[in-house]
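Listed in order, the protein sequences are those of chains D and G.
Under this note's numbering, the first residue of the first sequence is numbered 2, with each subsequent residue one higher.
Under this note's numbering, the first residue of the second sequence is numbered 3, with each subsequent residue one higher.
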Amino acid sequence: MQNIAALEQEFESKIERGISIEPKDWMPEKYRKTHIRQISQHAHSEIVGMLPEGNWITRAPSLRRKVALLAKVQDEAGHGLYLYSAAETLGISRDELFEQLHSGKAKYSSIFNYPTLSWADMGAIGWLVDGAAIINQVMLTRTSYGPYARAMVRICKEESFHQRQGYEIMLTLSKGTPEQKQMAQDSLNRWWWPSLMMFGPTDAESTHTAQSMKWKIKLKTNDELRQQFVDITVPQAEILGLTIPDPDLKWNEEREQYDFGAIDWEEFWQVVKGHGPCNKERIAARKNAFEGGAWVREAAIAHAEKKAARTELKKAV
Amino acid sequence: MKKQWPIWEVFIRSKNGLEHRHVGSLHAADATMAMENARDVYTRRSEGVSIWVVESKHIVASNPSESGELFEPAKDKVYRHPTFYNLPDELKHM
Ligand SMILES: [Fe+2]
Ligand SMILES: [Fe+2]
Chain D
2 MQNIAALEQE
12 FESKIERGIS
22 IEPKDWMPEK
32 YRKTHIRQIS
42 QHAHSEIVGM
52 LPEGNWITRA
62 PSLRRKVALL
72 AKVQDEAGHG
82 LYLYSAAETL
92 GISRDELFEQ
102 LHSGKAKYSS
112 IFNYPTLSWA
122 DMGAIGWLVD
132 GAAIINQVML
142 TRTSYGPYAR
152 AMVRICKEES
162 FHQRQGYEIM
172 LTLSKGTPEQ
182 KQMAQDSLNR
192 WWWPSLMMFG
202 PTDAESTHTA
212 QSMKWKIKLK
222 TNDELRQQFV
232 DITVPQAEIL
242 GLTIPDPDLK
252 WNEEREQYDF
262 GAIDWEEFWQ
272 VVKGHGPCNK
282 ERIAARKNAF
292 EGGAWVREAA
302 IAHAEKKAAR
312 TELKKAV
Chain G
3 MKKQWPIWEV
13 FIRSKNGLEH
23 RHVGSLHAAD
33 ATMAMENARD
43 VYTRRSEGVS
53 IWVVESKHIV
63 ASNPSESGEL
73 FEPAKDKVYR
83 HPTFYNLPDE
93 LKHM
């Protein structure tokens, strides 16, 4: 049996050389815990993220929009499942993960605590929220934990349609009647700042960044990713003819990046702590689904056991 | 804690001529449900023409701490590779 110091050294050297860590490999307890926290938080975000959009499926303005939105929401369920599976490879059960979500111990992306007030929000979410998620997820395809990275590869392949369908909704509204364009603008106004907050606290404030970078869990900092998002998104808003609700936003010749205004971090922490507009509603919906479905899960197990017993019996005879 | 549905590993053949590849896992009460769930979770965009599901507990996996004894012996057997043999450059088709 090797001692801990030697195992640790081997682990660090693997990270250094860019060799993925796989489920059965030795890993420091903190690496394992950090991953359970991060992967489950990501999984919960996919699952809770279905709720604001699910709100509009029955009211989609055309069959084309409806099938697209349905397919997108179904994909998010799939993303949640890939990620729960990845988290389970670290030795935590699915039920424990749900329990952590329901009790508030585990977090999910705070953006899903905002309400979806108009159809245009389906556009803004696909464009901005999925857009921000893609930037983060593309980085994570190269993260050090194998099952997480592989889940990200699958997810990234599916995300691009999410963003495109959202942008198409925004484009149609922007080119529509003045009321429709106003609806799109109003939606951008409400989703812009929460989207920037999706990348998490500033580097100066972020408690996990240094360790996460060292272990190659993250390859870019929150501020770097946020800047990347702003630089990509501003020209997209221009094509729509919509105005980003930030008077301080301007191109910086020297940095060759956009400067943007200060984020209201007070609002961010309020929402994270559970005081956003929809926190209670979201958790209630998840709990309701879990508890309401309990009898189905139990019945399926009972049925499977009975069937297995019957097969055994036939074999014996 | 209540009994949970067991975990199944999912393998998919993306097209005929290729092998089944591990794509991930899922929970299901029995094999029929595992197959249906695998279809919904892992082949929403025609990613496969064939699916295998196997309950995770039936998989026997090698242990990384035994990697040495398992895989080291192959490392010093360079003579199993064609490049080990010194042959003249003018020799063709070999
Ligand atoms: Fe997703
Ligand atoms: Fe998405």
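The beta-carbon is built from N, C-alpha and C at its ideal position, and this holds for glycine as well.
These numbers were taken from a predicted model, which means no experiment stands behind them.
Membership of D/ASN56 in any beta strand (DSSP E) is not indicated, and neither H nor E is assigned to it by DSSP. Distance from the Cα of G/LEU28 is smallest, within the candidate group G/PRO90, G/GLU57 and G/VAL62, for G/GLU57. With a threshold of 8 Å between beta carbons, D/HIS304 makes contact with chain G.
Taking 8 Å as the cut-off, the Cβ atoms of D/PRO278 and D/PRO29 do not count as close. Going by C-alpha positions, D/ASN223 is about 16 Å away from D/TRP193. If you draw a 10 Å sphere on the C-beta of G/PHE73, you find fewer than 16 other C-beta atoms in it, and that means exposed. The beta carbons of D/ALA152 and D/ALA78 sit about 14 Å from each other, so the pair does not count as a contact at 8 Å. If you check the C-beta of D/HIS45 against ligand 2, you find no heavy atom less than 7 Å away. Look at G/HIS83: its beta carbon is at least 7 Å from all of the heavy atoms in ligand 1.
Annotation: the continuous alpha helix (DSSP H) that includes D/TRP270 extends over 266 to 271. Between the beta-carbon of D/VAL49 and that of D/ARG191 there is about 18 Å, and that puts the pair past the 8 Å contact cut. The residue among D/LYS25, D/ALA309, D/GLU54 and D/SER63 with its C-alpha nearest the C-alpha of G/VAL62 is D/LYS25. Three or more Cβ pairs closer than 8 Å define a contact, and the region 242 to 254 of chain D falls short of that threshold against the region 144 to 164 of chain D. DSSP lists D/ASN253 as the bridge partner or partners of D/GLN258. Using beta-carbon distances, D/ASP131 does not count as an interface residue toward chain G, since no partner is under 8 Å.
Shown in chain order are the members of the region 67 to 96 of chain D whose Cβ falls below 9 Å from a Cβ of chain G: ALA72, GLN75, ASP76, ALA78, GLY79, LEU82, TYR83, TYR85, SER86, ALA87, GLU89, THR90, SER94, ARG95 and ASP96.
Cβ contact annotation for D/SER175 (same chain, cutoff 7 Å, sequence separation greater than five): LYS182, ALA185, LEU241, GLY242 and LEU243, in chain order. Residues of chain G whose Cβ lies closer than 8 Å to the Cβ of D/ALA285 do not exist; the shortest such Cβ separation is about 21 Å.
In the structure shown, D/TYR146 falls within a strand segment according to DSSP collapsed to helix, strand and coil. Of all alpha-carbon atoms in D/TYR85, D/GLN101 and D/LEU52, the one lying nearest the alpha-carbon of D/ASP122 is that of D/LEU52.
Counting only Cβ-Cβ distances below 9 Å, D/ALA301 has contacts in chain G at TRP7, ALA30, ALA31, ASP32 and MET35, in chain order. Within the same chain, Cβ atoms closer than 8 Å to the Cβ of D/ALA150 are found at SER21, LEU141, THR142, ARG143 and THR144, the five residues on either side in sequence being excluded. By alpha-carbon distance to D/TYR85, the top candidate from D/ARG298, D/ARG38 and D/ASP260 is D/ARG38. If you draw a straight line from the Cα of D/GLU169 to the Cα of G/PHE86, it comes to about 59 Å. Take D/ASN253, set aside five residues on each side of it, and the residues of its chain with a beta-carbon closer than 8 Å to its own are TYR259 and ASP260, in chain order.
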